[in-house]
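The sequence shown begins at 1 in full-length UniProt numbering and counts up by one.
As structure tokens, the structure follows; a few thoughts come after it.
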Amino acid sequence: MGDGKISDNIITIMSKNVFRFSEYWYSNYIVKSLTKKAEDRTIYIEKYRGPIVSTITNGIKAIDSKRIDADSYLKMGRDHFYLGLSLVEMEKNQVLMEQAIFDFLQIEKNQNNAAITDKEINEYLLEFRQLNNTVTPLIIEGYLEAAKESKSER
């Protein structure tokens with residue numbers, strides 16, 4: 001990840017609002033992107049909220065501390081497999097999360113008068129992209145491990 005220090009204001013906003021952001025991302029992005037098959041599975045929707053909060057919390061911690069908890073991202077990949085997501089859906093959700101972060105921070109800035117600038121938002125998103133580039137192989141590894149275990153259990 002980058003050498004620059006991300007705005008403490010953005011870290012604070014995201015940390016204090018992790019549940020609110022999770023609901024925003026889920027309601028405005030995930031629900032709208034679910035396949036018809038997934039939409040029909042109420043349990044999928046109920047179980048997806050927990051991993052959303054974990055995903056966001058892990059990302060905030062990693063961006064703030066510049067440290068990655070590899071086990072958390074392996075577990076995330078496993079969770080995505082057991083939730084029935086495809087690898088394509090996982091990748092799509094990463095892109096959706098980036099857009100949701102941007103939109104959420106713009107709302108915080110414009111409607112809630114958060115003391116952040118567009119430059120800080122863009123720097124945070126750059127850090128987020130760099131984090132994704134680092135953790136995506138771990139998420140995929142966890143996903144593939146779960147898929148392999150699932151096949152061997154049959």
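Even for Gly, the Cβ is constructed at its ideal location relative to N, Cα and C.
Nothing here was measured: the structure is a model prediction, and the numbers come from that model.
Same chain, Cβ closer than 6 Å to Phe81, neighbours up to 5 away in sequence not counted: The residue labelled residue 81 in the question sits at position 81 within the sequence shown. Closer than 6 Å at Cβ, skipping near neighbours: Tyr143, Ala146, Ala147.
Would you report the Cα separation of Tyr124 and Phe102, rounded to the nearest angstrom? Here the question's residue 124 lines up with position 124 in the sequence shown. Here the question's residue 102 lines up with position 102 in the sequence shown. Taking the straight line joining both Cα atoms gives about 9 Å.
Exposed or buried, which one is Glu108 when buried takes at least 16 other CB atoms within 10 Å? Working through the sequence shown from its first residue, we reach residue 108 at position 108. Glu108 is buried by the Cβ-count criterion.
Compute the beta-carbon to beta-carbon distance between Gly59 and Leu138, rounded to the nearest angstrom, for a pair I have assumed lies under 8 Å. Within the sequence shown, numbered from 1, the residue matching residue 59 stands at position 59. Within the sequence shown, numbered from 1, the residue matching residue 138 stands at position 138. With a Cβ gap of about 13 Å, Gly59 and Leu138 do not count as contacting.
Assign Arg49 to one of three DSSP states: helix, strand, or coil. Position 49 of the sequence shown holds residue 49. In this structure, Arg49 counts as helix in the three-state DSSP scheme.
Hey, could you find the ends of the alpha helix (DSSP H) Ala70 is sitting in? Locating residue 70 in the sequence shown gives position 70, counting from the first residue. Per DSSP, Ala70 belongs to the alpha helix (DSSP H) from 70-82.
How about Ala114 and Ile11: do their beta carbons lie closer than 7 Å? The count along the sequence shown starts at 1 and reaches residue 114 at position 114. The count along the sequence shown starts at 1 and reaches residue 11 at position 11. Taking 7 Å as the Cβ cut-off, Ala114 and Ile11 do not qualify as a contacting pair.
Measuring straight from C-alpha to C-alpha, what distance separates Ser86 and Asn17? Residue mapping note: residue 86 aligns to position 86 of the sequence shown, counting from 1. Residue mapping note: residue 17 aligns to position 17 of the sequence shown, counting from 1. Separation of Ser86 and Asn17 (C-alpha to C-alpha, rounded to the nearest whole angstrom) is 28 Å.
Helix, strand or coil: which one does DSSP assign to Arg67? Taking the sequence shown and counting its residues from 1, one reaches residue 67 at position 67. Note: Arg67 maps to coil in three-state DSSP.
Val135: buried (16+ other C-beta within 10 angstroms of its C-beta) or exposed? By one-based count along the sequence shown, residue 135 stands at place 135. By the 10 Å Cβ count, Val135 comes out buried.
Straight-line gap, Leu74 to Gln106 (C-alpha atoms, nearest Å): Your numbering for residue 74 matches position 74 in the sequence shown. Your numbering for residue 106 matches position 106 in the sequence shown. C-alpha separation (whole angstroms): 31 Å.
Secondary structure of Ser152, DSSP reduced to three states: The count along the sequence shown starts at 1 and reaches residue 152 at position 152. Reduced to three states, the DSSP call for Ser152 is helix.
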